[in-house]
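For what it's worth, the numbering used here labels the leading residue of the sequence shown as 224, then goes sequentially. No residue lacks a Cβ here, since even glycine has one placed at the ideal position from N, Cα and C. A short worksheet on the structure shown next.
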Amino acid sequence: MQPFLQDEFKLNNSQLGGITSAFSLSSGAAQLPAGWLADRMGPTILITIGVLGVGIGGLLVGLSHTYVMLLVFLVFMGLMAGGYHPAATPLISLSVPPNQRGRALGLHLIGGNSSFFLAPLIAGGIAAAWGWRGAYITLAIPTIILGIGFFIYLRKKYSKTHVEEMKRRQMEEKPPQPGYKRRLIAFLTMMVIGGGAGASVNAFLAVYMKNELGASNEVSAMAMSIIFSSGLWAGPLGGWISDRIGSIKVIIVTGIAGGLMLFALKEVQLGWGLWTVLWVMGVIQAMRFPVTEVFIMSQTPAKNRSLIYGVYYSTMQYTGAIFAPIMGNFIDIYGYHTMFTFSAWAVTAVAVVTSAFIWDAKD
């Protein structure tokens, strides 16, 4: 929706970065305490708030008539969204045998990735007919209904007794291999610095296609769905490969490949070349995400897993929030191609250096 918002509120790239930051900063702030609460309260309430709150927030965003109102409601949406992943990921991991965690987390991502794939297509079409406000409101209503239904299901399926039994089995697991702190620090460095540099490019892809490549607002918005189209199969595939060869190999390969694709991004024009690069970028991201969750679980003491997941998701959100307005400001000064090149070098270099500190990890 960025091209529509840019036209509506007459925003420069720094202000567009502020839109990304409003959601990311608030979501990051919520995820750290959400991880701590998930270890103590169980997953039901936090997952419900994550789904239902996003729906309500989307409805409010659609009712925004000023840039400030938009930012306030995006902050609210981010705070509500922050509880989902730190609660859901450990719940899924504990519900399946260890040798199937990669596939389970990959299957979980089908829902998220399919929404990222379908939402730009649906929202772009709705926005073309009813405006961007109509798109937010239309998509918010089924999300609210889903949140209510999800609460009823989780309350019945995962009672307090069931959750306590899962926690008991978790505490019986063997501790992570020696050196896990070193690997976690290196991994977080890879994801925060390298991932943040890559995420800052993603934040401006739609306006890049519009302003530099000549795409219309509708094409720019809908083209973002290409990145997420592979999530329907690449996430489970990444998890399946991880279950067989180990998560660390997938993390290292996708980390370096992600940087190389940013070099390719700035060399292609609007059309099949760009669509192909966006698709490959999506495959890399989708394969990597469930594997990183498996890696964290294998390198974290059982009693602190939700907390560590909260730290991970929080830092990832903060990185995107901090990098986006900085990237927007530098794009205004130096241009898209210069900053995309800088990000490509940063992602690739960080992936190569940090790989030396995590290569010995075992799931």
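If one requires a minimum length of 4 residues, no alpha helix (DSSP H) run lies completely within the stretch 332-374. The Cβ atoms of ILE545 and PHE410 do not sit closer than 7 angstroms to each other.
Here LEU493 carries a coil assignment [DSSP, helix/strand/coil]. With 16 or more neighbouring CB atoms inside 10 Å of its own CB, VAL534 falls in the buried class. When the five nearest sequence neighbours on each side are left out, the beta carbons in the same chain lying within less than 7 angstroms of the beta carbon of LEU485 are those of GLY421, VAL424, PHE563, SER566, ALA567, VAL570, in order along the chain.
Rounded to the nearest angstrom, the gap between the Cα atoms of MET300 and LEU255 is 16 angstroms. Counting only residues of its own chain and dropping the five nearest sequence neighbours on each side, GLY347 has a CB closer than 6 angstroms to the CB of GLU441, ALA444, MET445.
As for any alpha helix (DSSP H) of minimum length 4 sitting wholly inside the stretch 506-583, the runs are 528-557, 559-581, ordered along the chain.
Non-local beta-carbon contacts of GLY278 in its own chain, meaning distances under 6 angstroms to residues more than five positions away in sequence, involve ALA363, THR366, ILE367, GLY370 in chain order.
Under the criterion of beta carbons closer than 8 angstroms, PHE512 and LEU332 qualify as touching, at roughly 6 angstroms. Taken through DSSP and simplified to helix, strand or coil, PRO320 comes out as coil.
Inter-residue distance for GLY469 and GLY478 is about 15 angstroms (C-alpha atoms, whole angstroms). GLU231 sits in a helix when the DSSP states are folded into three classes. For the pair ALA480 and ILE450, the CB atoms are not nearer than the 7 angstroms cut-off.
For THR477, the secondary structure class from DSSP, reduced to helix, strand or coil, is helix. With fewer than 16 other beta carbons inside 10 angstroms of its own, VAL291 counts as exposed.
Only buried fits ALA457, as 16 or more other CB atoms lie within 10 angstroms of its CB.
DSSP, read as helix, strand or coil, puts MET224 in coil.
Taking a contact to require three or more Cβ pairs closer than 8 angstroms, the stretch 430-437 and the stretch 490-502 qualify as touching. Taking 4 residues as the minimum length, the alpha helix (DSSP H) runs contained wholly in the stretch 405-474 are 418-425, 428-434, 440-452, 454-468, in order along the chain.
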